[in-house]
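Protein sequence lines correspond, in order, to chains L and F.
First residue of the first sequence: 0, per numbering that gives the first Met the number 0; consecutive thereafter.
First residue of the second sequence: 0, per numbering that gives the first Met the number 0; consecutive thereafter.
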Amino acid sequence: MKVAVLIKQTPDTAELPKVSAQEVQSGAVKATMVINPWDEYAAEEAIQLGDRYGADSVAITMGASTATDALKHALAMGIGEAKLIDSSGVSGDMWTTASILAAAVRAEGDVDLVITGKQSVDENSSSVFIGVACKLGFPLAANVVRIVEIAGGRITVERIADGVQETVSLPLPAVISVGKEINDPRFPSFMGIRKANRASIPVVSAAGLDAGELVKRTNWTNIRKPDEKTEACVIFDGATAAEKAAKLVDALVSDKVL
Amino acid sequence: MSVLVWIEQSNNQAVPSSWETLGKARELADALGTELAAVVMGAETAATAAAAGQYGADVVYAIASPLLAEYRLSAYVAGLEKAVQGAGATVLLASATTRGRELSAAVACRLDAGIAPDATDLRIEGGKLAAVRPVYSNNLLVDITFDGDLQVASVRPRSFPMPVAGDAKAAVKELDLGLGEDDIAEKILDVQPSDGAGVDLADARIVVAAGRGVVEDPEKGFALVSDLAAAMGAAVGASRAAVDAGFVPYRYQVGQTGKTVRPDVYFAVGISGAIQHMAGMSGSKVIVAINRDADAPIFERAAYGVVGDLYEILPALTAELKKRLG
Ligand SMILES: Cc1cc2nc3c(=O)[nH]c(=O)nc-3n(C[C@H](O)[C@H](O)[C@H](O)COP(=O)(O)OP(=O)(O)OC[C@H]3O[C@@H](n4cnc5c(N)ncnc54)[C@H](O)[C@@H]3O)c2cc1C
Ligand SMILES: Nc1ncnc2c1ncn2[C@@H]1O[C@H](COP(=O)(O)O)[C@@H](O)[C@H]1O
Chain L
0 MKVAVLIKQT
10 PDTAELPKVS
20 AQEVQSGAVK
30 ATMVINPWDE
40 YAAEEAIQLG
50 DRYGADSVAI
60 TMGASTATDA
70 LKHALAMGIG
80 EAKLIDSSGV
90 SGDMWTTASI
100 LAAAVRAEGD
110 VDLVITGKQS
120 VDENSSSVFI
130 GVACKLGFPL
140 AANVVRIVEI
150 AGGRITVERI
160 ADGVQETVSL
170 PLPAVISVGK
180 EINDPRFPSF
190 MGIRKANRAS
200 IPVVSAAGLD
210 AGELVKRTNW
220 TNIRKPDEKT
230 EACVIFDGAT
240 AAEKAAKLVD
250 ALVSDKVL
Chain F
0 MSVLVWIEQS
10 NNQAVPSSWE
20 TLGKARELAD
30 ALGTELAAVV
40 MGAETAATAA
50 AAGQYGADVV
60 YAIASPLLAE
70 YRLSAYVAGL
80 EKAVQGAGAT
90 VLLASATTRG
100 RELSAAVACR
110 LDAGIAPDAT
120 DLRIEGGKLA
130 AVRPVYSNNL
140 LVDITFDGDL
150 QVASVRPRSF
160 PMPVAGDAKA
170 AVKELDLGLG
180 EDDIAEKILD
190 VQPSDGAGVD
200 LADARIVVAA
210 GRGVVEDPEK
220 GFALVSDLAA
230 AMGAAVGASR
240 AAVDAGFVPY
250 RYQVGQTGKT
260 VRPDVYFAVG
270 ISGAIQHMAG
280 MSGSKVIVAI
290 NRDADAPIFE
300 RAAYGVVGDL
310 YEILPALTAE
320 LKKRLG
């Protein structure tokens, strides 16, 4: 069995507030880049499928050449192989990314399962895995919180959506995105880090993949910071808790929000 | 041409945030000078289809089938595609619930259309949809513009007001799903409620969330939080520190790696205001901070604050509210 894990390199979440509109517009984001936190769960699950079913795993990232760091993190965790899809020259939207990633999965040969994170902390679209499933023609289960079983050419998973937890069975090959309830991602071991640093990560150009015609249907314009709050916080003082509470309730009532 | 809105059902009942989306869609359809269509899918559709007319739809497509009794992506994609074709839709909208997000995106991808996921504002510009959406975990906003004939967006709950139901009636057109059980890849083996009782965080008008500040007596702390929430009909949330410490389950978590909420009022109780927490609640209209540390960063983002011990402030606040709200 072969599992492909899709991993994105994204800004460290602590630095997200410092990312400027201009950096995003130009594509030159200066923040420290790390493995997208949601994708650590995907990598961990692929490693566990190695233990459970002897699955081979490959991590795939589409990004700049510096995105190999995210792949090294996955290798250090215990993922078997890694591939970087060099995105230079590609401009598109999430369906472009999905088409290229789908082609990269196809190029791996007989992939039985594609595992992705739930969302990227920069684009926040939760759509790339939907596009990958669509382009590959695989069924999809999003927000999986447990892989119950893989047997007889099917995968059974538990997923959470809108207040219900469903147990769903899908035929393989399939795509799943995983939520954080699914596991506790391991920290790379010292040995793992050494091994990952020595690994040479193949780089494939996006243009060299058989991704079909790449179309872009959406554009990002007018990137901006949300309006910052300008008024200072009103602190309600009082001799007793009851006095403070009464002033707070007064304010909320007069704002008509209660 | 038309603007089409998917009215989501849960247990054969409309999901309320679908009406918010339909209300906004009425404006968009008027701006475009096109018809407003709604589509309802499920084992039963009649009641929701009738309600869609009252909330402003000119025409309602109903796809009733036992195969749609449980939500399954591939079956719902097939149904929604039929409705897009039937309605000749150029704009397709859904509420950005988990299902609405994935279904609208899957249909957009299948029909080679662009999508603005989890949009917080919509407008018509040059005869096309334009959407505003937060990116970089609510730290930036971007306008999404579209190329191509079909424009799709999912709309974050509570972005638009609930429309008022009138007594208008819409023409209901039945569509045939045209699938058999064997055509549907997914088999649902079991369905269990995953959220406990209480108000759903994403739809809540008021949220009371607590953090590590309750550490001295987490059980009492969350009991006080629940009392306050109950007094206002609010939902209860938590910071990741509170979840990681095991005070409440993960489904309560608000923030970067939890839920995104945008209530009218958000009470942050014993929460310091870390960037990753703010990412999930900075869209709240009024943020109220209750914290014993006057220098906590949350006060920089809050409109109102009370400096004090939450074990004293919360009971006082609940008592005051009960006095006022009866
Ligand atoms: C990748 C990543 C993702 C993350 N995702 C999230 C997320 O989704 N959501 C999230 O919340 N965090 C998230 N975090 C964690 C975040 O950085 C903070 O660690 C967390 O939000 C802190 O929670 P807190 O405010 O409850 O705890 P603390 O920061 O410890 O704050 C506790 C506050 O309680 C106050 N307090 C203490 N006792 C009392 C009392 N008796 N009365 C009143 N006030 C009192 C203190 O003054 C303090 O301000 C994430 C972090 C990372 C790295
Ligand atoms: N450039 C990329 N390379 C590899 N995987 C990606 C890329 N972009 C998105 N993904 C995967 O798709 C998931 C959802 O991303 P998004 O749709 O951007 O929120 C992520 O958690 C990743 O697993």
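Glycine residues also receive a C-beta, built at the ideal position from the N, C-alpha and C atoms.
query, result
"Just the chain F side, please: which residues come within less than 7 Å of G130 (chain L) by C-beta, in chain order?", "C108"
"How would you label A73 (chain L), buried or exposed, when you count the other beta carbons within 10 angstroms and need 16 or more for buried?", "buried"
"Can you give the Cα-Cα distance for G113 (chain F) and F145 (chain F), rounded to whole angstroms?", "6 Å"
"Give the secondary structure of F145 (chain F) by DSSP, where H, G and I count as helix, E and B as strand, and everything else as coil.", "strand"
"Just to be sure I understand the criterion: a residue counts if its Cβ is closer than 5 Å to at least one heavy atom of ligand 1. Which residues meet that?", "L:T12, L:P36, F:G210, F:R211, F:G212, F:S238, F:R239, F:A240, F:G254, F:Q255, F:T256, F:G257, F:G269, F:I270, F:S271, F:A273, F:Q275, F:H276, F:N290, F:R291, F:D292, F:A295, F:D308 and F:L309"
"Please determine whether the Cβ atom of I6 (chain L) lies at a distance below 7 Å from any heavy atom of ligand 2.", "yes"
"Can you name the residues that DSSP bridges to S168 (chain L)?", "L:T155 and F:K186"
"If you pair each beta-carbon of the segment 240-260 of chain F with each one of the segment 301-309 of chain F, do three or more pairs fall below 8 Å?", "no"
"Can you tell me the Cβ-Cβ gap for A228 (chain F) and A234 (chain F), rounded? I've got them flagged as a contact below 8 Å.", "7 Å"
"Between the Cα of A136 (chain F) and those of L:T220, L:P36 and L:K246, spot the shortest distance and give me the residue it belongs to.", "What sits at residue 136 (chain F) in the sequence shown is Ser, not Ala. With distances taken between Cα atoms, S136 (chain F) lies closest to L:P36."
"Using only the alpha-carbon positions, how far apart do F137 (chain L) and K127 (chain F) sit?", "32 Å"
"Count the other CB atoms within 10 Å of the CB of Q84 (chain F); is the residue buried (16 or more) or exposed (fewer)?", "exposed"
"Would you call V214 (chain F) buried or exposed, if buried means 16 or more other Cβ atoms sit within 10 Å of its Cβ?", "exposed"
"Using DSSP with H/G/I as helix, E/B as strand and the rest coil, what is P65 (chain F)?", "helix"
"Could you tell me which whole alpha helix (DSSP H) segments of length 4 or greater appear in the segment 255-324 of chain F?", "274-277, 297-300 and 309-324"
"Find the residues of chain L that neighbour S225 (chain F), judging by a C-beta separation of less than 9 Å, and give them in chain order.", "Correct list: empty, because the minimum Cβ distance to chain L is about 17 Å."
"Tell me which residues of the segment 92-107 of chain L have at least one Cβ-Cβ distance to chain F shorter than 9 Å, keeping chain order.", "D92, M93, W94 and A97"
"Note down, in chain order, every chain L residue with its Cβ under 7 Å from the Cβ of G113 (chain F).", "D92, R216 and T217"
"At least one CB of chain L closer than 8 Å to the CB of E101 (chain F): is that the case?", "yes"
"Can you pull the DSSP bridge partners for Y60 (chain F)?", "F:V38 and F:K172"
"Can you name the residues of chain L whose CB is closer than 9 Å to the CB of T20 (chain F)?", "Residues of chain L passing the Cβ test: none, with the nearest at roughly 15 Å."
"Would you please verify whether the beta carbon of N142 (chain L) is less than 8 Å from any beta carbon of chain F?", "yes"
"Quick check: does the Cβ of A24 (chain F) come within less than 7 Å of any heavy atom belonging to ligand 2?", "no"
"Run through DSSP, which three-state label would K215 (chain L) get?", "coil"
"Could you give the residue range of the alpha helix (DSSP H) that holds R197 (chain L)?", "F189 to R197"
"Between I59 (chain L) and ligand 2, is there a pair consisting of the residue's CB and a ligand heavy atom that are separated by less than 7 Å?", "yes"
"What are the residues in the segment 168-185 of chain L lying within 7 Å of chain F by C-beta distance?", "S168, L169, P170, K179 and E180"
"Pull up the distance between the alpha-carbon of G269 (chain F) and that of P10 (chain L), whole angstroms please.", "28 Å"
"Just to confirm, is the Cβ distance from D327 (chain F) to Q53 (chain F) under 8 Å?", "Since the first and last residues shown for chain F are 0 and 325, residue 327 (chain F) lies out of range."
"Tell me which residue opens and which closes the alpha helix (DSSP H) that S103 (chain F) is part of.", "T97 to R109"
"Run down chain F in chain order and give the residues with a C-beta less than 9 Å from the C-beta of P201 (chain L).", "Per Cβ cutoff of 9 Å: no residues; P201 (chain L) is ~28 Å from chain F at best."
"What does M231 (chain F) reach in chain L if we use C-beta pairs closer than 9 Å?", "L257"
"Return the CA-CA distance between L5 (chain L) and V171 (chain F), expressed in angstroms with no decimal places.", "43 Å"
"With respect to 7 Å, is the separation between the Cβ of S87 (chain L) and the closest non-hydrogen atom of ligand 2 below this value?", "no"
"For D111 (chain L), which residues of its own chain have a beta-carbon under 6 Å away from its beta-carbon, when the five flanking residues on both sides are left out?", "M0, K1, L171 and P172"
"Would you grab the beta carbon distance between A130 (chain F) and A115 (chain F) for me? Rounded to a whole angstrom, and I think it's under 8 Å.", "3 Å"
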